[in-house]
Amino acid sequence: MPPPPVPSAPTSDAPAPSGDDATASATAPVTDVTAGEDVRPRPGPQGDISPEEVREHLRRRAIFLRELAEARELRRRVTPHRSRRARIHAALRRRTFRIN
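Residues in the sequence shown are numbered consecutively from 44, following this note's numbering.
See the structure below:
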């Protein structure tokens, strides 16, 4: 894959930024948007996360999925018109594919 084209120098007559700001921004390392003093590096594709972090992630994911299922069940019970509408639509879809 060829490298992307390098943009040409600006053709406007506006003065180029000079001083410490231009030099500092050109030499500053690229970091995450929310980077601060206490930022941990992101794990690489090799899985640089510890088993404890994996367990914690899976535990939080299980809690999230459990709460999501509970919320769906609650919504189904609290708003029966939605489930009735879903049953009617499912019946109409089944009827569409019926062979006479």
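Ideal placement from N, C-alpha and C gives every residue a C-beta, glycine not left out.
Given the structure is predicted, the values throughout are model-derived calculations rather than measurements.
- Query: At which residue ranges does the stretch 94-139 contain complete alpha helix (DSSP H) runs of 4 or more residues, listed in the order of the chain?
  - Reply: 94-121, 123-139
- Message: Would you say the beta carbon of Ile92 is closer than 7 Å to some non-hydrogen atom of the ligand HEM?
- Response: As far as ligands go, the structure on display features none, and thus does not contain the ligand HEM.
- Under 8 Å, do Arg119 and Ser126 count as touching if we go by C-beta distance? yes
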